[in-house]
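Numbering (the working numbering), first residue to last: 186 to 521. Virtual Cβ for every residue (Gly too), placed ideally from N, Cα, C. See structure below.
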Ligand code: CP
């Protein structure tokens with residue numbers, strides 16, 4: 186069973202084929218590639234882009250999407266193997282995933298970390314449990330990585346630079362301030378896909394406590410080596426921005442402070458200057474800016490950067506639709 190849980194499980198050639206198909210679906214959006222098929226979209230967390238783009242994407246291909254929100258209209262779910270279900274959950278994933286597999290051809294899952302204990306969150310138990318019990322492909326709609334965002338991001342870069350070959354581009358993945366700790370998923374994903382694409386990737390963050398989980402630091406370093414690019418961490422804002430072709434912004438909570446966020450707060454508050462602004466962007470090589478959205482304006486990036494001609498935020502968000510259609514078609518064996 187081929188799932189889409191992390192892009193690391195897919196070859197870059199296979200990911201590129203999805204992007205090529207996505208471009209064709211962007212030009213010619215209504216094709217019956219999911220005719221008679223259905224997808225269950227299981228959301229444990231809110232969404233604007235992911236929910237809309239999957240639902241509309243399935244519809245444009247003649248398929249049907251069902252949105253389920255466990256604990257809010259669908260039964261609250263338990264996940265532990267051998268769990269004694271004496272809490273509030275009425276349903277176990279082992280039944281939920283198998284039943285949904287009888288109704289649907291695909292299952293998408295969004296489940297963010299609990300932000301209490303990273304050693305637990307990093308196991309990605311919810312989507313792994315769905316993948317274990319489902320008999321249809323499972324799609325990661327953001328857990329501790331966000332692979333659909335990766336595809337949309339790379340497609341936006343390929344389109345803006347006019348080439349599928351991004352090798353040698355200088356890519357800055359910058360931490361930004363946010364008033365509360367956020368998921369590392371998009372940062373993990375950006376590090377994975379930018380290094381797969383062979384770019385020279387700098388992870389810019391306030392200090393080493395904001396490094397990503399060693400799994401993703403390690404994957405990024407190995408990806409870079411395999412693709413002929415590089416992966417380094419920097420805490421020097423001006424050096425990182427200098428000559429950059431791409432600036433990708435995201436905020437995330439520092440992993441050592443999971444479950445102890447009050448201690449992180451003063452560190453976070455002291456780094457509001459990581460905002461992406463005109464001065465920093467002026468040091469780049471006329472670089473493009475992007476963010477996965479949603480983004481707090483004038484906290485993560487200024488209005489001028491968000492709305493400027495080098496901003497790819499809306500293109501990247503639009504591309505979620507096209508790449509997910511290509512992905513769903515591939516996973517049901519209809520590649521167009
Ligand atoms: N980027 C993204 O996944 O957006 P949503 O959280 O709105 O789905």
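Beta-ladder partner(s) of residue i, from DSSP
i: residue 276; result: 262
i: residue 293; result: 226 and 324
i: residue 482; result: 486
Burial state of residue i, where buried means 16 or more other Cβ atoms lie within 10 Å
i: residue 417; result: exposed
i: residue 305; result: exposed
i: residue 438; result: buried
i: residue 335; result: buried
i: residue 470; result: exposed
i: residue 270; result: exposed
Distance between residue j and residue i (C-alpha atoms, nearest Å)
i: residue 255; j: residue 263; result: 10 Å
i: residue 367; j: residue 500; result: 23 Å
i: residue 370; j: residue 327; result: 7 Å
i: residue 394; j: residue 303; result: 13 Å
i: residue 440; j: residue 396; result: 8 Å
i: residue 430; j: residue 355; result: 5 Å
i: residue 330; j: residue 324; result: 11 Å
i: residue 517; j: residue 400; result: 30 Å
i: residue 268; j: residue 285; result: 21 Å
i: residue 515; j: residue 237; result: 20 Å
i: residue 322; j: residue 250; result: 15 Å
i: residue 209; j: residue 489; result: 32 Å
i: residue 433; j: residue 311; result: 28 Å
i: residue 502; j: residue 204; result: 15 Å
i: residue 278; j: residue 389; result: 38 Å
i: residue 219; j: residue 379; result: 30 Å
Rounded distance between the beta-carbons of residue j and residue i, thought under 8 Å
i: residue 383; j: residue 414; result: 4 Å
i: residue 332; j: residue 442; result: Contact doesn't hold; Cβ gap of about 26 Å is too wide.
i: residue 232; j: residue 295; result: 6 Å
Cβ-heavy atom distance, residue i to the ligand PLP, below 7 Å
i: residue 298; result: Although the ligand PLP was asked about, the structure shown includes only the ligand CP as ligands.
Practice problem: Could you tell me whether the segment 309-320 touches the segment 340-358, using the rule of 3 or more Cβ pairs below 8 Å? | Solution: Short answer: they don't touch.
Quiz item: If you pair each beta-carbon of the segment 368-375 with each one of the segment 451-461, do three or more pairs fall below 8 Å?
Solution: By the criterion of at least three beta-carbon pairs nearer than 8 Å, the segment 368-375 is not in contact with the segment 451-461.
Self-check item: Three CB pairs or more closer than 8 Å across the segment 205-215 and the segment 475-487
Solution: No, they do not touch.
Quiz item: Are there three or more Cβ pairs, one per stretch, closer than 8 Å when the segment 469-483 is compared with the segment 494-514?
Solution: The segment 469-483 vs the segment 494-514: in contact.
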